[in-house]
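In this note's numbering, the protein residues as written are 2 to 145.
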């Protein structure tokens, strides 16, 4: 079983979405967690709603601090925002570190529909990245 930690700043949207996608697509082969360098204390309602549209329930997820995982080892640590990458360029206990620069849909301007579209774009982008990672791991070509 591969242990994965996904990091962003607030642990409210991007890392929660990526955690849900990797749990769903990776199945029992992955022990997936997410955290924030400065946790928001909640999961963004549009992240929950957009993932529900995709058939993935993240409504029970909670926003956690990176310190929650101090001293733990992970096969993969994935940062999904530039700020978290800058704060944690090297995570102790990580076999592989990956950075996926992903805009935060929480700050998307516009109408409700435009903000929802930003979340859908984020889900689509992260799903492509998660799928590619799973394929690389499956093919044992994950040399990061």
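The C-beta atom is built at its ideal place from N, Cα and C for all residues, glycine as well.
Grab me the residues of residue i's own chain with a C-beta within less than 7 angstroms of its C-beta, minus the 5 sequence neighbours each way, in chain order.
{"i": "residue 107", "result": "13, 14 and 45"}
{"i": "residue 94", "result": "73, 74 and 75"}
{"i": "residue 18", "result": "48, 52, 123, 124 and 127"}
{"i": "residue 105", "result": "14, 15 and 82"}
{"i": "residue 69", "result": "36"}
{"i": "residue 115", "result": "109"}
{"i": "residue 78", "result": "6, 8, 92, 95 and 98"}
So what does DSSP say about residue i, is it helix, strand or coil?
{"i": "residue 38", "result": "coil"}
{"i": "residue 131", "result": "helix"}
{"i": "residue 95", "result": "strand"}
{"i": "residue 113", "result": "helix"}
{"i": "residue 3", "result": "strand"}
{"i": "residue 105", "result": "coil"}
{"i": "residue 81", "result": "coil"}
{"i": "residue 9", "result": "strand"}
Kindly give me the distance between the Cβ atoms of residue i and residue j, rounded to whole angstroms, as I take these residues to be in contact under 8 angstroms.
{"i": "residue 76", "j": "residue 4", "result": "5 angstroms"}
{"i": "residue 36", "j": "residue 66", "result": "6 angstroms"}
Is it true that the CB of residue j sits closer than 8 angstroms to the CB of residue i?
{"i": "residue 123", "j": "residue 85", "result": "no"}
{"i": "residue 23", "j": "residue 131", "result": "yes"}
{"i": "residue 135", "j": "residue 26", "result": "yes"}
{"i": "residue 80", "j": "residue 62", "result": "no"}
Give me, in chain order, the residues of the same chain whose beta-carbon lies closer than 6 angstroms to that of residue i; leave out the 5 immediate sequence neighbours on both sides.
{"i": "residue 60", "result": "49"}
{"i": "residue 21", "result": "52, 57 and 59"}
Once you ignore the five residues that flank residue i on each side, which residues in its own chain have a CB closer than 8 angstroms to its CB?
{"i": "residue 117", "result": "47, 50 and 51"}
{"i": "residue 64", "result": "11, 12, 13, 17, 37, 40, 41, 42, 43 and 44"}
{"i": "residue 2", "result": "29, 30, 31 and 32"}
Next on the checklist: If we require 4 or more residues per run, which alpha helix (DSSP H) segments fall completely within the stretch 44 to 79?
Outcome noted: Listed in chain order, they are 46 to 54.
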